[in-house]
Every structure is written in structure tokens, then in C-alpha cells.
Amino acid sequence: MPGAEEGAESRPQLPDYTVYMLSPRLKIAALLAGGLLMFGIGYLFYHQLLISMLLVPAGAYAPRMLRQYLKDRRRSALNLQFKQTLFSLSSSLSAGRSVENAFREAVADLQLLDPEGNSDMLAELSIICTRMEYNQPVEEALHDFSRRAGMEDVERFADVFTVCKRTGGDLVEVVRRTSTIIGEKLDIQQDIAVSIAQKKFEAKALLAAPLLMVLFMSLTASDYMQPMYTGAGMAISTLSLAGLFLCYRWTTKIMDIPL
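Okay, so the sequence shown: first residue is 0 according to numbering that gives the first Met the number 0, each after it adds one.
In C-alpha cells form, the structure reads like this:
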């Protein structure tokens with residue numbers, strides 16, 4: 000039916016946390032920044048406008064890198080907010096509140112931590128509470144959230160919560176134990192992430208060091224660096240750039256540790 004199809008198309012799309020879409024303005028800004036960076040590196044190593052322009056297309060990789068970075072940051076924040084939500088649910092259920100009221104109380108608790116109300120988890124809790132008001136089972140809302148989040152811990156909590164609620168188990172104890180286990184796991188993941196972040200910074204500093212050294216020498220001893228821009232010097236510069244690129248790819252692969 001045309002009316003039903005139009006209604007489905009106009010229905011607001013819930014966020015999918017497994018993907019991240021850049022806005023056109025942000026994508027253009029990333030393309031420009033990547034192109035300028037590659038042009039600057041090319042001119043730094045060759046001092047030839049034509050060769051520097053040939054490196055500009057490599058800047059097209061910048062939006063992909065920015066999209067991955069923003070997606071990882073968003074999922075990391077959602078992971079932390081989910082941990083806070085678990086502790087709030089556990090406290091509310093232990094205090095004797097019903098499941099529905101526990102989720103509503105979790106909204107209030109997260110609003111205290113985020114007064115501006117911009118967090119993704121706060122939006123998801125509001126969606127769950129709205130669905131409960133329309134008499135949709137809370138376990139269905141949780142499973143929908145776990146599907147869109149694409150996180151093992153969220154999916155595991157939704158499964159445990161569903162089984163316990165449908166079989167009449169001790170929901171308070173199950174949620175408390177599950178919250179503790181998942182919370183401890185998230186703490187370990189955060190410690191590992193901090194260590195990896197430190198190593199990533201060190202790797203970036205080491206990769207930037209040769210570029211800064213060449214820039215410093217070009218500004219302070221241009222005559223000394225002149226052979227680098229002619230003949231065999233350009234071949235050496237090309238090999239150096241290739242080596243830097245391989246080091247970048249190598250360190251990226253090493254630091255890409257799934258948590």
C-alpha cells in the first residue's frame with residue numbers, strides 16, 4: 000500500500016553504532032586536510048610542485064581514517080556509558096524497584112553524569128522507556144539495542160536479562176552479578192586501551208620525527224639539503240617516503256588490537 004510505504008520511509012531511523020557516516024562538510028574538510036598534508040610532505044621531500052601535486056590524491060584516504068576514528072571513539076564512549084547504566088540498574092533493582100522503574104531511574108542517573116543529554120546511551124534508554132510506555136516488552140527493546148550496538152557485552156546482557164525475565168529467575172541477583180562481571184571486563188578493556196593509546200602516540204611521534212628533522216634542516220641549512228632535491232637525492236627521498244609509509248602500515252597493524 001502506498002500509504003504504508005510512505006509511513007515506513009518517513010519513520011525516523013534509529014542509530015546503527017557499527018557504522019559512522021560523515022557529514023558532507025566534514026568529509027570535504029577531511030579531503031582538503033589530507034590533500035594539503037600530502038602536498039606538504041611531497042614538497043618537503045622533493046621541492047617540486049608537479050611531484051607534490053601527484054601525491055595529493057593520496058589524501059582521499061583521510062575521510063576513511065577520520066570515519067574510523069570517530070566510530071571507535073563513539074563506540075568506546077557507548078561502552079563506558081553502558082557500564083554506568085548496568086550499575087544504575089543493579090542499584091535500582093536491589094532497592095526494590097520494578098524493571099520498568101529501574102530503566103527510568105537509569106535515565107535520571109545518566110542525566111546527572113551528562114547534564115547536556117548528548118550521550119548515545121541516554122538516547123537509547125529514552126527509546127527503551129518510550130517503547131515500554133507503548134507496552135512493548137523491555138527485552139525486545141534491549142535486543143534491538145544490542146543488534147544496533149554490535150557489542151558482545153550488550154548482546155550478552157540482553158540474552159541473560161531475557162532468559163531470566165521469561166523463566167522467573169532472581170532478576171535482581173542475575174543483573175547484579177552480570178553487571179559486576181561485565182563491569183570488571185570493561186575496566187580491564189579500558190586499562191588495555193590506555194596502554195595501547197600511549198604506544199600509538201609514541202609510534203606517531205617516531206613517524207613524525209623524520210619529517211620534522213627534514214623540515215628543520217630545510218629551514219636552517221637549505222644549501223646543505225640542496226642535493227636531496229636533484230638526481231640521486233630524489234630517488235633516496237622516494238625510498239625514504241616508501242619506508243615511512245611501510246612503517247606507518249606496520250605500526251597500524253600492530254596497534255590494531257581488538258578489545
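Positions of the beta carbon are idealized from the N, C-alpha and C atoms, including for glycine.
On a predicted model such as this, the values are computed, not experimentally measured, just so you know.
Residues near residue 60 in its chain [Cβ-Cβ closer than 8 angstroms; skip 5 each side] | For residue 60, the CB contacts under 8 angstroms within the same chain, skipping 5 residues up- and downstream, are 33 in chain order.
Okay, do the stretch 78-98 and the stretch 39-56 touch, 3+ Cβ pairs below 8 angstroms being the bar?
-> The stretch 78-98 is not in contact with the stretch 39-56.
Over the uninterrupted alpha helix (DSSP H) stretch that includes residue 24, give me the two end residues.
-> Counting along the chain, the alpha helix (DSSP H) containing residue 24 begins and ends at 23-45.
At a cut of 8 angstroms, does the stretch 144-162 reach the stretch 69-79 through at least three beta carbon pairs?
-> Flag = yes, the stretch 144-162 and the stretch 69-79 touch.
Please look up how many angstroms separate the CB atoms of residue 92 and residue 162, rounded, as I've assumed it's under 8 angstroms.
-> Rounded, the Cβ-Cβ distance is 16 angstroms, inconsistent with contact.
Determine whether the Cβ of residue 179 lies closer than 8 angstroms to any Cβ atom of chain B.
-> Given the protein chain composition of this structure (a single chain), no chain B is represented.
Let me know if residue 255 comes out buried or exposed under the rule of 16 or more other beta-carbons within 10 Å of its beta-carbon.
-> Counting of Cβ neighbours within 10 angstroms places residue 255 among the exposed residues, the total staying below 16.
What residues in its chain sit with their C-beta under 6 angstroms from that of residue 249, if we drop five residues either side in the sequence?
-> Nothing meets the Cβ criterion.
Would the beta-carbon of residue 84 fall within 8 angstroms of that of residue 124?
-> For residue 84 and residue 124, yes; Cβs fall inside 8 angstroms.
When we look at the beta-carbon of residue 204 and count the other beta-carbons within 10 Å, is it buried (16 or more) or exposed?
-> Exposed, because fewer than 16 other Cβ atoms sit within 10 Å of the Cβ of residue 204.
Tell me whether the beta-carbon of residue 36 lies closer than 8 angstroms to the beta-carbon of residue 65.
-> No.
Helix or strand or just coil, what does DSSP make of residue 12?
-> Three-state DSSP puts residue 12 in coil, outside helix and strand.
With DSSP as the reference, label residue 68 as helix, strand or coil.
-> Here residue 68 sits in helix by DSSP.
Please name the residue, chosen from 103, 189, 148, 186, that lies closest to residue 131 on a Cα-to-Cα basis.
-> If we check each option's Cα against that of residue 131, 103 comes out closest.
Below 8 angstroms on the Cβ atoms is my guess for residue 175 versus residue 13; work out the distance and round it to an integer in Å.
-> Cβ-Cβ separation between residue 175 and residue 13: approximately 29 angstroms, too far for a contact (criterion under 8 angstroms).
Boundaries of the alpha helix (DSSP H) in which residue 100 is found, first to last residue = Start and end: 98-112.
Please state if the CB of residue 81 and the CB of residue 120 are separated by a distance shorter than 8 angstroms.
-> In this structure, residue 120 places its C-beta atom within 8 angstroms of the C-beta atom of residue 81.
State the DSSP-derived secondary structure class of residue 134, mapped to helix, strand or coil.
-> In this structure, residue 134 counts as coil in the three-state DSSP scheme.
Under three-state DSSP, which class holds residue 87?
-> If DSSP states are grouped into helix, strand and coil, residue 87 belongs with the helices.
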